[in-house]
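Report on one structure; see the data block that follows.
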Amino acid sequence: VPKITIVIGGSFGAGNYAMCGRAYSPNFMFFWPNARISVMGGPQAAGVLAQVEKATKKKRGIQWTKEEEEKFKAEVVEAYDREGSPYYATSRLWDDGIIDPADTRRIL
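In our numbering, the protein residues as written are 4 to 111.
In structure tokens, the structure reads:
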């Protein structure tokens with residue numbers, strides 16, 4: 004039985020495994036143009052990484068202003084948006100291509 008994965012929305016973290024992500028060696032893996040793939044969503048990652056950065060700065064006695072924190076979070080979200088794009092993934096050959104949703108049945 005062939006394993007074919009089509010990412011039609013967000014594919015984050017353990018959900019990627021549950022839906023036959025690349026680690027489970029699907030025979031084919033396609034993305035729709037609106038798909039997203041990463042370890043977690045950008046805002047969630049920004050929140051976690053900001054907490055770690057804040058704790059690190061506090062240990063070192065460094066003040067971190069709210070503006071600096073917001074800038075840090077914005078940069079993380081921007082990176083996740085860019086690198087979670089199906090175009091970013093397909094340009095690195097992590098999948099078998101981006102398909103038009105209207106062509107899904109024909110391609111399968």
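Glycine is no exception: its CB is placed at the ideal position from the N, C-alpha and C atoms.
Through-space distance from residue j to residue i, alpha-carbon basis
i    : j   : result
K60  : A53 : 10 Å
S28  : K6  : 8 Å
K69  : Y91 : 31 Å
G13  : K62 : 36 Å
E73  : W67 : 10 Å
F31  : T8  : 6 Å
A49  : E71 : 13 Å
E56  : Q47 : 14 Å
V4   : V51 : 40 Å
M113 : G64 : Here the chain comprises residues numbered 4 to 111, so residue 113 is not present and cannot be evaluated.
Whole-angstrom C-beta distance between residue j and residue i, which should lie under 8 Å
i    : j    : result
M43  : G16  : 5 Å
F147 : D98  : Past the boundaries of the shown model lies residue 147; the chain is included only from 4 to 111, so the question cannot be answered.
I40  : G100 : Going by Cβ atoms, the distance from I40 to G100 rounds to 14 Å, so no, they are not a contact pair.
Residues near residue i in its chain [Cβ-Cβ closer than 6 Å; skip 5 each side]
i   : result
G45 : V80, Y83 and D84
G18 : none
Identified DSSP bridge partners for residue i
i    : result
M32  : T8
G13  : R39
I101 : F34
8 Å Cβ cutoff, residue i in contact with chain D
i  : result
T8 : Absent here is chain D; the protein component of the structure consists of one chain.
Beta-carbon proximity list for residue i, same chain, < 7 Å, skipping 5 on both sides
i   : result
I11 : W35 and A38
Neighbourhood of residue i by C-beta, 8 Å cutoff - its chain only, sequence neighbours within 5 removed
i   : result
Y20 : A26 and Y27
Could you pull out every unbroken alpha helix (DSSP H) segment of at least 4 residues lying fully inside the segment 34 to 91, listed in chain order? If we require 4 residues or more, the alpha helix (DSSP H) runs fully inside the segment 34 to 91 come out as 45 to 62 and 69 to 86.
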